[in-house]
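Accompanying notes for the structure given below.
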């Protein structure tokens, strides 16, 4: 098993190794202490003495000094990079002294430093100890023999070489073989330990990466999910969002399309993690910017889809249900791009809003979306959710499903929207029990409480001529100064209104006269003027000229007037409503 | 709209007071055509113009064309409101404004 490690991982590995070395040092010190205790017992019991060894006091003293100094060394310097070498060196020295000076049968004590050194996961160090150990064993045996001849009585007439061969056969080979076997096992354990350590570092890093990724993705998601809902005077809205451990990519949104229209969105992005969260952010932004008045909802979604599909290298997609509620009438137009059908409570019970869903957003560029319609009365409700609800799984593998959802919803009739969601969450929790949540669970409940009833200007109807123009101007002046507008705004609005009036007179009625109905409303710091006439269909926005000034100079009739209007106003929309041209301009004051 | 005219050394200064829009622009055109015939250059004093619409801009461009072979036209005392329309339409770079 080979694990390739980057520089960063190598650093982490070094960290792990030094941590491991600290543990190794501790154990080595403990083994040394145990060895020391064994010696002391041996000496105190008098057993060592009975062997009638030569110079035993000196040798025991040296060995004890080695062991004591290694313990003292460990306690003083604690763990440094060289601690292990010093500790094992001292341990081996004391063992050598014992083999050489006390008893060759202590030879196999060299296994102790070998085994302790395998704790450091350093294969080369283990190999070195093996070789040094083999040499020490042999040297110890020879020295021991020269002090205390083992083959007394067998020496006569034999050369030193013969003695060495005899000693080797009789005492060394078996112990050395056992030692080498233990050494091989130690080296094997060392290599295995090292690889295990590398694998752990690798796993830790991967887990950290995954968690950081999830954290960032969650941050993006949290940032997108709003808490303050608009249009509270007309709708009670509650939401519930419970994220899966690794983000599932749900989002909801709620924004004003204009003063009296509210968009509600629920969506689910395929894929998880940071790239999916970025895709979600793009989708939210595109929907918010594309859905505005003057464009049909289906067209807005088509545009959103095109833009999403154009830059979607990861092949994500998003299912969306979006509805726009007309707060004046309760009419809802909606588009379903492959999302779970919401439930609506229209008067009686909750029922599923079924329609033929369109394709999801983000994958195919050329998709048509269809608008569907429904109507909310005061007290009616919408319940939007993602598949995290219906596909919540219980321990026995069954899914929550739409039937349970419908039943739970219909048991909540006495509750407000917030209470409904609480009940739903309780029911879900009761259903799944301890089963781990694998997808985001998102719900949005809305009750249409009040009609948009702001008083609107009844307006004036004037003839499309100079007299009508003058009446419009004086009324505009009145309305603007009543609302404390600056001179600049007054002048700009006068210019814009004059341009539109001129267009109606000259192009819609072609100078032959007719009536113009004009309303002027000031809503939340924005002046809105609406012109309605029964002239020929004429959309001035289609007569925009790319370079009106140039054409103007060349005496062509250009769209300079409408260009001025567009520049002055924040919003200009045109609709043809039956036999009427309706042009609305808005400007923030 | 009231239009005053002052003549001095071949320079006719046209002083429109009020709004120049599609209703009043023809009056301005009339004055411009009359004065352009007898003057070397035309000056528009815009101080008391409260707003000018595209029709008014057209009249001024008319005047510019009529005076092309003479000493041209000039706008003076352009107030903030008129200025913003001229900037918006890029007329400020086409016209001689003082």
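Chains as they are written, first to last, in our numbering: chain A, 1 to 589; chain B, 1001 to 1098. From the three backbone atoms N, C-alpha and C, an ideal C-beta is built for every residue, glycine too.
- In the DSSP assignment, residue 260 of chain A forms no beta bridge with any residue.
- Going by DSSP, residue 348 of chain A is part of no beta strand (DSSP E) at all; its letter is neither H nor E.
- The DSSP assignment places complete beta strand (DSSP E) segments of no fewer than 3 residues inside the region 167 to 248 of chain A at 235 to 242, in order along the chain.
- Residue burial is scored here from C-beta neighbours: residue 321 of chain A has at least 16 other C-beta atoms within 10 angstroms and is therefore classed as buried.
- Going by DSSP, residue 530 of chain A is part of no alpha helix (DSSP H) but of the beta strand (DSSP E) stretching over 526 to 533.
- If one requires a minimum length of 3 residues, the beta strand (DSSP E) runs lying completely within the region 365 to 443 of chain A are 372 to 375 and 381 to 385, in chain order.
- Between residue 16 of chain A and residue 200 of chain A, the beta carbon gap of about 7 Å places them in contact (Cβ cut-off 8 Å).
- Residue 581 of chain A is bridged by DSSP to A:533 and A:576.
- Within the same chain, and ignoring the five residues on either side of residue 1018 of chain B in sequence, the residues whose Cβ sits closer than 8 Å to its Cβ are 1001, 1002, 1024, 1048, 1049 and 1050.
- Listed along chain A, the residues sitting closer than 7 Å to residue 1081 of chain B by beta-carbon distance are 487, 488 and 491.
- Taken through DSSP and simplified to helix, strand or coil, residue 340 of chain A comes out as coil.
- Residue-level contact check: residue 1093 of chain B does not touch chain A, since none of the beta carbons of chain A fall below 7 Å from its beta carbon.
- In the DSSP annotation of this structure, residue 1048 of chain B is not part of any alpha helix (DSSP H), being labelled neither H nor E.
- The Cβ-Cβ distance between residue 448 of chain A and residue 235 of chain A falls below 7 Å.
- Residue pairing by DSSP places residue 517 of chain A opposite A:461 and A:532 in a beta bridge.
- Taking each of A:356, A:357 and A:373 in turn and checking the Cα distance to residue 329 of chain A, the smallest one comes out for A:373.
- Secondary structure note for residue 136 of chain A: its alpha helix (DSSP H) is the uninterrupted segment 123 to 147.
- With contacts defined as CB atoms closer than 7 Å, residue 121 of chain A and residue 194 of chain A qualify as a contacting pair.
- At a cut-off of 7 Å, the C-beta of residue 379 of chain A has no neighbouring C-beta in chain B.
- Counting along the chain, residue 357 of chain A sits inside no alpha helix (DSSP H), nor does DSSP assign it H or E at all.
- Across the set A:464, A:538 and A:589, the C-alpha of A:538 shows the shortest separation from the C-alpha of residue 576 of chain A.
- Linking residue 1043 of chain B to residue 232 of chain A through their CA atoms gives a straight-line distance of about 57 Å.
- With its beta carbon less than 7 Å from one in chain B, residue 499 of chain A belongs to the interface.
- When the beta-carbon positions are compared, residue 361 of chain A and residue 337 of chain A come within less than 7 Å of each other.
- Looking at the DSSP output, residue 267 of chain A shares a beta bridge with A:251 and A:320.
- Put simply, the CB of residue 567 of chain A is near chain B, with a gap under 7 Å to one of its CB atoms.
- If you draw a straight line from the Cα of residue 254 of chain A to the Cα of residue 428 of chain A, it comes to about 24 Å.
- Taking 7 Å as the threshold, the shortest C-beta distance from residue 1059 of chain B to chain A does not fall below it.
- Contact of residue 1071 of chain B with chain A by beta-carbon distance below 7 Å is absent, the smallest such distance being about 19 Å.
- Residues 561, 562, 564 and 565 of the same chain have their beta carbon placed closer than 8 Å to that of residue 499 of chain A, with the five preceding and five following residues left out of the count.
- In summary, the residues of the region 1037 to 1066 of chain B whose CB is separated from some CB of chain A by less than 8 Å are 1050, 1051, 1052, 1053, 1054, 1055, 1057, 1058 and 1061, in the order they occur in the chain.
- By the criterion of a C-beta distance shorter than 6 Å, residue 385 of chain A is surrounded in its chain by 443, once the five residues flanking it on both sides are discounted.
- With respect to chain B, the C-beta atom of residue 527 of chain A has no partner C-beta closer than 7 Å.
- Residue 36 of chain A carries a helical assignment under DSSP once its states are collapsed to helix, strand and coil.
- In this structure, the alpha-carbon of residue 90 of chain A lies about 19 Å from that of residue 179 of chain A.
- The three-state secondary structure of residue 163 of chain A, taken from DSSP, is helix.
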